[in-house]
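Quick note: the sequence shown uses the working numbering, first residue 14, plus one each step. Where a beta carbon is used, it is the ideal one built from N, C-alpha and C, also for glycine. Remember, it's a predicted structure, so these values are computed and weren't measured experimentally. Notes for the one structure printed next.
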Amino acid sequence: MSKRRKFFRRVPGKFLKSIYFLNFLAEKSVKFKSILLIFYIKFDPKIGECMKKLIFVTVLWAFSFSLIGEFLAGRVDSYFAAFSRVVLALGVFLPFMIKDFAAKNLALYAKVAAIGAVQIGVMYIFYYNSFAYLSVAEVALFTIFTPFYVSVVYDVLAGRLRLMYLFSVGTAVLGALIIKYGSVNSGFWYGFLLVQGANLCFGVGQSAYKFLLEKQGFNEQRGVFGYFFVGAAAVTGIAFAMFGNPEKINLDLTQGAVLLWLGIGASGLGYFLWNKGACEVDSGTLAIMNNALIPAAIIVNLVFWHKDADILRLCLGGAVIYISLLIHNKIIAHYERASVAAK
């Protein structure tokens, strides 16, 4: 049996087999992954409940990029937007926090709050400010780096240094240069670094939350997850108090509605379902679903808001970045084989 056929036999479900197959069609990833995602959401009854959570949130979040870029960026103070979004999400879970409170879980609550402070609090500060320097499509595309940080941070915590990662990361940076060739300036790189800060925070927090709940064996997350936003509210609240611009918090009706949607829907419901689903799937599936958001967000921005973009350059650069992720996965597999052989 060929290596490719053995590879597919290990992949559960038609949905994941199809997504993995796209790894061999990287140059068409944006179109194929988006169409396939929509097709299986509607027609495949065999998708597990955990995958349905991740797919639903992917569609939910695909609109968040454009809503922030079109209605909030440059108009509403970014620190206020981040803080209000977190507070609204906290309000969703406050009744469950009160109902399910148990003094014996105080240590767990503190750990969840610390994770939320990083994954949402610090991440939002980087994320919202990046829209001042990058287009919506660029912000969405550059979130593809999240799996890099998940693997690199894990190896750092494990006391390992893997220099081959520099090759895959360098390839990804080349893809970013293709997208902005001829118009690269300090603002672009500043925005790029802001998105990378957001990616790092999201990846670290996501992995830490999954690890914590697996270690604790705590399955009932409804009463615990609100503390995730307690930590995030503390960070964004301090940032708003220190750096916020009071002149940019007078919202019109549309901006208020967008913030309500982002806080209650995208953050409150979205992050709960995402982190819950993340605890129910393996790390490879989670990495794939992290990247399924990218073409969905770009298509929403181009189709619903009719934004002008250099589609050819965006696709070429995106393909190079996607290929860098495939290279990164091969490097990880190489190190894992070497580790097994050394034992």
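For residue i, count neighbouring C-beta atoms within 10 Å of its own C-beta (all shown protein chains included) and say buried if the count is 16 or more, exposed if not.
i: residue 176; result: exposed
i: residue 202; result: exposed
i: residue 260; result: exposed
i: residue 341; result: buried
i: residue 74; result: buried
i: residue 46; result: Model confidence at residue 46 stands at a pLDDT of 42, short of 50, so the residue's coordinates are unreliable; what they give is reported in the following sentence. Residue 46 comes out buried.
i: residue 70; result: buried
i: residue 273; result: exposed
i: residue 114; result: exposed
i: residue 124; result: buried
i: residue 263; result: exposed
i: residue 351; result: exposed
i: residue 275; result: buried
i: residue 242; result: buried
i: residue 98; result: buried
i: residue 336; result: buried
i: residue 111; result: exposed
Using CA coordinates, which residue listed in the options is at the minimum distance from residue i?
i: residue 154; options: 350, 342, 324, 348; result: 324
i: residue 331; options: 71, 99, 132, 308; result: 308
i: residue 67; options: 338, 311, 282; result: 282
i: residue 254; options: 69, 91, 65; result: 91
i: residue 312; options: 104, 150, 100, 239; result: 150
i: residue 108; options: 351, 214, 236; result: 236
i: residue 284; options: 354, 234, 119; result: 234
i: residue 180; options: 353, 120, 343, 117; result: 343
i: residue 142; options: 200, 118, 316; result: 200
i: residue 225; options: 121, 206, 277; result: 121
i: residue 104; options: 126, 118, 173, 277; result: 277
i: residue 89; options: 173, 169, 266; result: 266
Should residue i and residue j be called a contact, given that it needs their Cβ atoms to be closer than 7 angstroms?
i: residue 84; j: residue 219; result: no
i: residue 144; j: residue 86; result: yes
i: residue 159; j: residue 216; result: yes
i: residue 185; j: residue 345; result: no
i: residue 221; j: residue 81; result: no
i: residue 148; j: residue 318; result: no
i: residue 245; j: residue 130; result: yes
i: residue 106; j: residue 239; result: yes
i: residue 188; j: residue 146; result: no
i: residue 178; j: residue 165; result: yes
i: residue 214; j: residue 135; result: yes
i: residue 208; j: residue 163; result: no
i: residue 339; j: residue 191; result: no
Ignore the nearest five residues each way along the sequence and tell me which others in residue i's own chain have a CB closer than 8 angstroms to its CB.
i: residue 138; result: 91, 92, 95, 248, 249, 252
With a CB to CB cut of under 7 angstroms and the five nearest residues on each side skipped, what residues in its chain are close to residue i?
i: residue 182; result: 161
i: residue 286; result: 66, 69, 70
i: residue 77; result: 275, 279
So, for residue i: in the same chain, excluding its five sequence neighbours on each side, which residues have a beta-carbon less than 6 angstroms away from its beta-carbon?
i: residue 314; result: 79, 149, 150, 320
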